[in-house]
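Worksheet for the structure shown next.
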Amino acid sequence: MEQTRRAMATRVPLLQFMLKHRALYLMLVPGLVYLLVFKYVPLLGSVIAFKDYNIYKGVWASDWVGFKYFYQFFNYPQFTRLLWNTLIISFYQTLFAFPAPIILALLLNEIRSSVFQRSVQTILYLPHFLSWVIIGGLGYMLLSPQVGLINQWAAAFGYEPVHYLQEPGYFRSIIIVSGIWKEMGWNAIIFLAALVGISPVLYEAAKIDGAGRWKQFVHITLPGLLPAIMLLLLLKIGHTLDLGFEQIYIFLNPITYSTGDVLDTYSYREGIIQGKYSLTTAIGLFKAVVGFLLLLVANRASKSMTGQGIF
Amino acid sequence: MNIRRSIGEKIFDTVNIAVLALACITVCIPLIHVIASSLSSTNALIHAKVALWPVEFNLDNYKSVMQNRAFWRAFGISVFVVVFGTLLNMLLTVFTAYPLSKSYLRGKNGVLMYIVFTMIFYPPMIPVYLVVKEVGLINTVWAMIVPVALSQFNLLICLTFFRSLPEELFEAARVDGMGEFRMVTWIAVPLSKAIMVTLGLFYAVFHWNSYATSLLYITKSSLKPLQLYLYNLIAKSDMNEMLANVIESTTKLNPQGLQMATIMVATIPVIIIYPFIQKHFIKGALIGSIKE
């Protein structure tokens with residue numbers, strides 16, 4: 093009752109308001125239509141995960157099959173492999189690639205010569221601007237057994253050449269190392285900014301109290317950096333299943349599927365190339381649901397630990 | 004005043020400088036190796052003589068790239084996507100952010116929810132593909148532009164910036180009879196030049212570097228952008244190496260020098276503008292992090 097009354101009370105002025113500011117509302121239209129067509133419509137279209145999608149019948153007329161494709165996917169022989177690969181690579185990223193920019197920022201922070209500091213930054217930011225395809229090419233030139241620089245140097249010490257790119261055992265290391273190589277410098281920017289934000293008064297006070305650089309680091313720098321670290325760590329956890337399709341796909345080949353094939357690359361191959369639309373949409377939905385749950389968990393954890401959530 | 008450093012501190016400072024220098028060297032070596040390879044003869048490359056300096060220096064590889072029509076077509080497609088993609092991106096970003104920056108706009112929060120919702124729940128790959136197909140974009144150059152016409156994240160950055168502009172300016176313009184569309188182009192955008200440049204560069208680098216969209220939506224070889232062209236080139240050399248286990252001689256199959264020259268030519272635009280754009284990007288990354 094009350095709601096309808098309130099709606100009645102505001103309806104007329106709202107219309108007038110919109111009419112008066114129609115230019116502003118008009119401006120919103122293209123952006124919102126874009127989101128409608130390329131985000132909301134595909135979200136609705138995800139119902140094909142519960143249907144036997146047939147190209148000729150289209151999304152709506154195809155037959156409902158319930159959870160058939162989810163069962164099929166969970167019972168797939170590859171299911172455990174795909175999920176395990178995704179999780180383990182994500183875990184390694186969190187373990188190795190996540191702390192790298194923090195350490196870099198801390199080291200840079202201790203440098204006194206600003207010229208040296210700036211030169212290091214300029215060089216380390218550069219790889220962020222190279223595409224994964226280019227980095228794939230660089231990786232090939234380093235790791236190929238024929239022309240690869242690493243094999244060339246190893247040969248100088250009498251080692252046999254190794255097919256790094258075609259050896260399942262090396263795949264995850266290559267992903268982690270190339271990820272660090274590309275993004276370490278760039279991701280350090282946020283931590284450097286957090287370091288700059290620490291009040292110099294704290295350091296002055298510590299110096300007067302006789303704290304050396306190590307003590308200052310432990311009691312001022314590290315606590316000052318902690319909120320930024322926590323926030324980014326939780327965001328990373330929320331994106332556990334998103335590994336970066338472009339990176340994995342450029343290094344992946346049939347020989348390394350056993351250690352490197354992840355949910356995204358499999359979805360692309362089976363979905364786009366093989367045309368298994370319903371199955372791969374089911375995989376995508378599974379990924380989205382798990383991702384959302386992780387985000388909720390991460391947010392809850394963040395709130396209880398730092399008193400601040402992502403949303 | 005120079006405070007005397009303890010021996011421990013001196014050791015730390017030296018090690019610190021050494022570690023950072025090593026990190027820089029690690030970043031540079033692959034790049035130098037590729038440059039050296041692209042300037043070396045095929046013969047030197049096959050016998051793995053090239054490390055960080057060109058062996059049997061020549062420019063043949065670059066000459067071949069310059070004459071490669073397929074390469075330049077891909078290059079042209081990439082330039083087209085960067086120019087028109089970024090233009091569309093900026094139009095949508097600015098015109099969506101501007102009304103939302105008005106605190107008095109009714110329904111603003113609803114619209115913001117509508118936008119943020121798509122950042123949390125994003126659709127899987129296949130339904131998006133089906134929409135792109137349905138709209139008739141598959142195998143057109145627009146498939147690389149329209150489906151990625153707006154980044155919600157950049158939109159929020161732009162919105163934060165517009166909010167900081169003083170409303171009095173727009174009030175005064177309104178009194179003078181200026182329309183909202185003209186206010187965007189003549190007041191809002193010129194006052195936020197720095198953030199416009201940053202966002203434009205974010206978008207442009209994304210378009211130049213991305214290959215996922217073209218991998219999904221482009222199968223016609225005449226429409227393949229540069230990154231996809233390079234992808235095929237590199238994937239092929241990987242395949243050739245697999246074949247090389249069977250076939251011993253791959254001299255004809257392995258023009259690595261040519262590939263490296265191609266990679267270099269594709270990277271040069273980024274490296275040339277890098278010093279100019281670096282500071283803008285850092286600014287953008289920082290605004291982005293505040294937003295987070």
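These protein sequences, in sequence, are chains A and B. Last residue of the first sequence: number 403 in this note's numbering, and the count goes up by one each step with no gaps. Last residue of the second sequence: number 295 in this note's numbering, and the count goes up by one each step with no gaps. Just so you know, even glycine gets a beta-carbon here, dropped at the ideal spot from N, CA and C.
Residue-level contact to chain B via CB, residue i, 8 Å cutoff
| i | result |
| --- | --- |
| R264 (chain A) | no |
| F384 (chain A) | yes |
| N238 (chain A) | The sequence given here has Gln at residue 238 (chain A), not Asn. Answer yes: the Cβ-Cβ gap between Q238 (chain A) and chain B drops below 8 Å somewhere. |
| M233 (chain A) | yes |
| S394 (chain A) | no |
| L359 (chain A) | Looking at the sequence itself, residue 359 (chain A) is Ser, so the reference to Leu does not match. Chain B, which has a Cβ nearer than 8 Å to the Cβ of S359 (chain A), makes this yes. |
| K131 (chain A) | yes |
| Y217 (chain A) | yes |
| Y184 (chain A) | no |
| Y163 (chain A) | no |
| S206 (chain A) | no |
| E296 (chain A) | no |
| V225 (chain A) | yes |
| N391 (chain A) | no |
| G289 (chain A) | no |
| T214 (chain A) | yes |
| S154 (chain A) | no |
| Y168 (chain A) | no |
| I181 (chain A) | no |
| L127 (chain A) | yes |
Exposure of residue i, with buried meaning 16 or more beta-carbon neighbours within 10 Å
| i | result |
| --- | --- |
| K274 (chain A) | buried |
| P228 (chain B) | buried |
| M69 (chain B) | exposed |
| N5 (chain B) | Low local confidence applies: a pLDDT of 47 at N5 (chain B) is under 50, so the model's placement there is unreliable, with the coordinate-based value given in what follows. Burial call: exposed. |
| A248 (chain A) | exposed |
| N46 (chain B) | exposed |
| K13 (chain B) | exposed |
| Q230 (chain B) | buried |
| K255 (chain B) | The predicted position of K255 (chain B) is uncertain, since its pLDDT is 44 and thus under 50; a value taken from the coordinates is nonetheless stated next. With fewer than 16 Cβ atoms within 10 Å of its Cβ, K255 (chain B) is classed as exposed. |
| I242 (chain A) | buried |
| I282 (chain A) | buried |
| G150 (chain A) | exposed |
| M147 (chain B) | buried |
| F183 (chain A) | exposed |
| P219 (chain A) | buried |
| S224 (chain B) | exposed |
Distance cut-off 7 Å: residue i Cβ against heavy atoms of the ligand SAH
| i | result |
| --- | --- |
| A47 (chain B) | By its list of ligands, the structure shown contains no ligand whatsoever, and the ligand SAH lies outside what it can speak to. |
Spatial neighbours of residue i in its chain, beta-carbon cut-off 8 Å, leaving aside the 5 residues before and after
| i | result |
| --- | --- |
| Q258 (chain A) | N345, I347 and T348 |
| A298 (chain A) | K307, Q308, H311 and I312 |
| V85 (chain B) | A207, H210 and W211 |
| P272 (chain B) | W211 |
| Q170 (chain A) | D353 and Y358 |
Neighbour flag for residue i against chain A, beta carbons, 8 Å
| i | result |
| --- | --- |
| S43 (chain B) | no |
| A269 (chain B) | yes |
| E12 (chain B) | yes |
| P228 (chain B) | no |
| M263 (chain B) | yes |
| K282 (chain B) | no |
| E251 (chain B) | Only weak support exists for where E251 (chain B) lies, its pLDDT of 43 falling under 50; the value from the coordinates is given anyway. No, its Cβ sits nowhere closer than 8 Å to a Cβ of chain A. |
| L25 (chain B) | no |
| I285 (chain B) | yes |
Cβ-based neighbour list, residue i, same chain, cut-off 6 Å, excluding 5 preceding and 5 following
| i | result |
| --- | --- |
| G316 (chain A) | I290 |
| Y217 (chain A) | G277 and W278 |
| H255 (chain A) | P237 |
Contact set for residue i: own chain, Cβ-Cβ below 7 Å, skip 5 residues either direction
| i | result |
| --- | --- |
| F87 (chain B) | I148 |
### Task
Please list the residues of the stretch 103-123 of chain A that have a C-beta atom closer than 8 Å to any C-beta atom in chain B, keeping them in chain order.
Only those residues of the stretch 103-123 of chain A whose C-beta falls short of 8 Å from the nearest C-beta of chain B are listed: L106, F109, M110, H113, A115, L116, Y117, M119, L120, P122 and G123.
### Message
Against chain B, which members of the stretch 326-346 of chain A pass a CB distance test of less than 8 Å?
### Response
Within the stretch 326-346 of chain A, the residues whose Cβ lies closer than 8 Å to any Cβ of chain B are, in chain order, L327, F337, E338, Y341, I342 and N345.
### Query
If you measure beta-carbon to beta-carbon, which residues of the stretch 182-214 of chain B are closer than 8 Å to chain A?
Against chain A - using a Cβ distance shorter than 8 Å - the residues of the stretch 182-214 of chain B are G182, E183, F184, V187, V208, W211, N212, S213 and Y214.
### Task
Determine which residues of the stretch 68-96 of chain B have a Cβ less than 7 Å from any Cβ of chain A, and write them out in chain order.
When CB distances to chain A are screened at a threshold of 7 Å, the residues of the stretch 68-96 of chain B falling below it are L95, in chain order.
### Task
Please list the segments of the alpha helix (DSSP H) lying wholly inside the stretch 190-224 of chain B, counting only runs of 4 or more residues, in order along the chain.
Taken in chain order, the complete alpha helix (DSSP H) segments of 4 or more residues contained in the stretch 190-224 of chain B are 196-212 and 215-220.
### Query
Which runs of the alpha helix (DSSP H) fall wholly inside the stretch 37-98 of chain B and span at least 4 residues, in chain order?
Segments of the alpha helix (DSSP H) lying fully in the stretch 37-98 of chain B: 45-49 and 63-70.
### Task
Please go through the stretch 104-131 of chain A and give each complete alpha helix (DSSP H) segment of 4 or more residues, from N-terminal end onward.
Within the stretch 104-131 of chain A, the complete alpha helix (DSSP H) runs of at least 4 residues are 114-127.
### Query
Which residues, in order along the stretch 240-261 of chain A, keep a beta-carbon less than 7 Å from a beta-carbon of chain B?
For the stretch 240-261 of chain A, which is checked against every Cβ of chain B, the residues closer than 7 Å are L241, Q244, L257 and Q258.
### Query
Going along the chain, which residues of the stretch 300-328 of chain A sit with their C-beta nearer than 9 Å to a C-beta in chain B?
Within the stretch 300-328 of chain A, the qualifying residues are G304, R305, W306, A320, L323, L324 and L327.
### Message
Tell me which residues of the stretch 269-282 of chain A have at least one Cβ-Cβ distance to chain B shorter than 8 Å, keeping chain order.
### Response
Cβ contacts with chain B: W273, M276, G277, W278, I281 and I282.
### Message
Give me the subset of the stretch 50-64 of chain B whose CB atoms are less than 7 Å from a CB atom of chain A, sorted by chain position.
### Response
For chain A, the residues of the stretch 50-64 of chain B that bring a beta carbon within less than 7 Å of one of its beta carbons are A51 and A54, in chain order.
### Interface positions of the stretch 366-382 of chain A facing chain B (Cβ-Cβ less than 8 Å), listed along the chain
Taking a C-beta cut-off of 8 Å against chain B, the contacting residues of the stretch 366-382 of chain A are Y369, T372, T373, I375, G376, L377, K379 and A380, listed in chain order.
### Task
Please list the residues of the stretch 135-169 of chain B that have a C-beta atom closer than 7 Å to any C-beta atom in chain A, keeping them in chain order.
Going along the stretch 135-169 of chain B in chain order, one finds P150, A152 and L153 with a Cβ nearer than 7 Å to chain A.
### Query
Where in the stretch 105-136 of chain B do unbroken runs of the alpha helix (DSSP H), each at least 4 residues long, occur, reported from the N-terminal end onward?
Here the runs fully enclosed are 111-123.
### Message
Please list, in chain order, the residues of the stretch 134-146 of chain A that have any C-beta partner in chain B closer than 9 Å.
### Response
Residues P134, L135, L136, G137, S138, V139, I140, A141 and Y145.
### Task
Can you give me, in chain order, the residues of the stretch 99-119 of chain B that have a beta carbon less than 9 Å from any beta carbon in chain A?
The residues in question are T99, A100, Y101, P102, L103, K105, Y107, L108, R109, G110, V114, Y117, I118 and V119.
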